[in-house]
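Asks: Numbering that gives the first Met the number 0 puts the first residue of the sequence shown at 0, with every later residue one more than the last.
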Amino acid sequence: MTMIKSNAEQIVTRIQQSCDKVSRDVQEVCPIIVTKNRTNEEIQEVYSLGFRHFAENRVEKLLERQEVFPQEDIVWHLIGPLQKRKVKQIVNRIQYFHAIDRLSIMEEIEKRLDSPLKCFLEVNVSGEESKHGFTKAGVFEAFEAAKQYEKIDIIGFMTMAPFEANEEEIRHYFHELKEVSKKIQSTSTLKLSMGMSQDYPIAIEEGAHFIRIGTAWFE
Ligand SMILES: *Cc1c(COP(=O)(O)O)cnc(C)c1O
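1. Identify, in the order they occur along the chain, each residue of the same chain with its Cβ nearer than 7 angstroms to the Cβ of D113, setting aside the five sequence neighbours on each side.
2. Below 6 angstroms, is the gap between the Cβ of G213 and the nearest heavy atom of ligand 1?
3. Suppose only complete runs of 3+ residues qualify. What are the beta strand (DSSP E) ranges in the segment 98–185, listed by chain order?
4. Any heavy atom of ligand 1 closer than 6 angstroms to the Cβ of M195?
5. Assign R64 to one of three DSSP states: helix, strand, or coil.
6. Would you call D100 buried or exposed, if buried means 16 or more other Cβ atoms sit within 10 Å of its Cβ?
7. Within the continuous beta strand (DSSP E) that includes I31, where are the two ends?
8. Give the range of the beta strand (DSSP E) segment to which V45 is assigned.
9. Looking at ligand 1, does it come within less than 6 angstroms of N78, judged from the CB to the closest heavy atom?
10. If you measure between the beta carbons of V124 and Y172, is that distance less than 7 angstroms?
11. Assuming A257 is part of the beta strand (DSSP E), what are its boundary residues?
12. At a threshold of 6 angstroms, does N39 count as lining ligand 1 (C-beta to nearest heavy atom)?
13. Where does F53 land, buried or exposed, given buried means 16+ other C-beta within 10 angstroms?
14. As a quick exercise: from L62, I78, K60, pick the residue whose alpha carbon is nearest that of M159.
15. Would you check if the distance between the CB atom of M157 and the CB atom of H97 is smaller than 7 angstroms?
16. Following the continuous alpha helix (DSSP H) through K20, name the residue where it begins and the one where it ends.
17. In angstroms with no decimal places, state the Cα-to-Cα distance between S180 and P200.
18. Indicate whether M105 and I151 have their beta-carbon atoms separated by less than 7 angstroms.
19. Below 7 angstroms CB to CB, which residues in the same chain sit around E27 once its five sequence neighbours on both sides are set aside?
20. Taking I73 and V45 to be in contact with their CB atoms under 8 angstroms, please state how far apart those CB atoms are, rounded to whole angstroms.
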């Protein structure tokens, strides 16, 4: 068995175990393969195993990947911040955008979209200065502001735990995102995009619907 295949089996098993632990249906959790810094051969292998949700954090890189992987069954996620001048290049080429991190980017996204795009509002739950996203208080206003845009479909919230945090702290930050989500009135069930290679089991236990895993598939 190749390393990628055994890593994939391990990830699938851990997703199942985390769901079992908190009595969640495994179908609620979508693993996204973060392909940044990986070779096309590595990505091809994950695709061959049947996984279809792929992500890049940079616009240029995502567009390059789409040239190499034009398969129509791939679901593309942009998970990194978007600069205004790049909005028009990308928004009609992806199915999910995880990182609306400021009010000023929404107008441009709306203007450039041909049809609705599923988006997450990024929340800086830890409050670290280096992190993007709305504050826990500011996200309520952002959610309201997004309602004026017909094509921006806010389906939930995204966050990243700090790299040096211990398990208890990570759990706390993920829990806080869930609390934010519960406080927001919405007609649809809001989704949470949280959890990476180091912390996705905790994220699932705390309610994640989309887990963004890179390294763990490949190393
Ligand atoms: C790189 C990246 C990930 C995946 O990180 P790993 O630790 O490699 O799993 C997830 N989310 C974002 C926004 C990233 O940039």
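Where a beta carbon is used, it is the ideal one built from N, C-alpha and C, also for glycine.
Replies: The structure says:
1. In the sequence shown, the residue the question calls residue 113 occupies position 114. Around D113: N91.
2. As a first step, residue 213 must be located in the sequence shown, where it is residue number 214. Flag set: Cβ of G213 near ligand 1.
3. 116–121, 151–157
4. Reading the sequence shown from its first residue, position 196 is the one you call residue 195. Yes.
5. As a position in the sequence shown, residue 64 is number 65, starting the count at 1. R64 sits in a helix when the DSSP states are folded into three classes.
6. The count along the sequence shown starts at 1 and reaches residue 100 at position 101. Result: buried.
7. Start at 1 with the first residue of the sequence shown, and residue 31 comes out as number 32. Unbroken beta strand (DSSP E) run through I31: 29–33.
8. Walking along the sequence shown from the start, residue 45 turns up at place 46. Where V45 is concerned, there is no enclosing beta strand (DSSP E), although the alpha helix (DSSP H) it sits in stretches over 39–47.
9. For the purposes of this step, residue 78 is identified with residue 79 of the sequence shown, where counting begins at 1. The sequence shown places Ile at residue 78, rather than the Asn named in the question. The answer is yes for I78.
10. Here residue 124 refers to the residue found at position 125 of the sequence shown. Here residue 172 refers to the residue found at position 173 of the sequence shown. Yes, these two residues count as a Cβ contact at 7 angstroms.
11. Past the boundaries of the shown model lies residue 257; the chain is included only from 0 to 218, so the question cannot be answered.
12. Counting from one through the sequence shown, the residue named residue 39 turns up at place 40. Result no, Cβ not under 6 angstroms from ligand 1.
13. Looking up residue 53 in the sequence shown gives position 54. It is buried - the Cβ of F53 has at least 16 other Cβ atoms within 10 Å.
14. Taking the sequence shown and counting its residues from 1, the one referred to as residue 159 is at position 160. Nearest option by C-alpha distance: I78.
15. Working through the sequence shown from its first residue, we reach residue 157 at position 158. Working through the sequence shown from its first residue, we reach residue 97 at position 98. At the C-beta level, M157 and H97 come within 7 angstroms of one another.
16. Taking the first residue of the sequence shown as 1, we reach residue 20 at position 21. Segment 2–20, the alpha helix (DSSP H) holding K20.
17. Counting from one through the sequence shown, the residue named residue 180 turns up at place 181. Counting from one through the sequence shown, the residue named residue 200 turns up at place 201. So the two alpha carbons sit approximately 19 angstroms from each other.
18. Along the sequence shown, one-based indexing puts residue 105 at 106. Along the sequence shown, one-based indexing puts residue 151 at 152. Cβ distance < 7 angstroms, so M105 and I151 count as in contact.
19. Translated into the one-based positions of the sequence shown, residue 27 becomes position 28. For E27, where only same-chain residues beyond five positions count, the Cβ hits under 7 angstroms are H208.
20. Residue 73 sits at position 74 when you count from the first residue of the sequence shown. Residue 45 sits at position 46 when you count from the first residue of the sequence shown. In fact, because the Cβ distance is near 11 angstroms, the residues do not count as touching under 8 angstroms.
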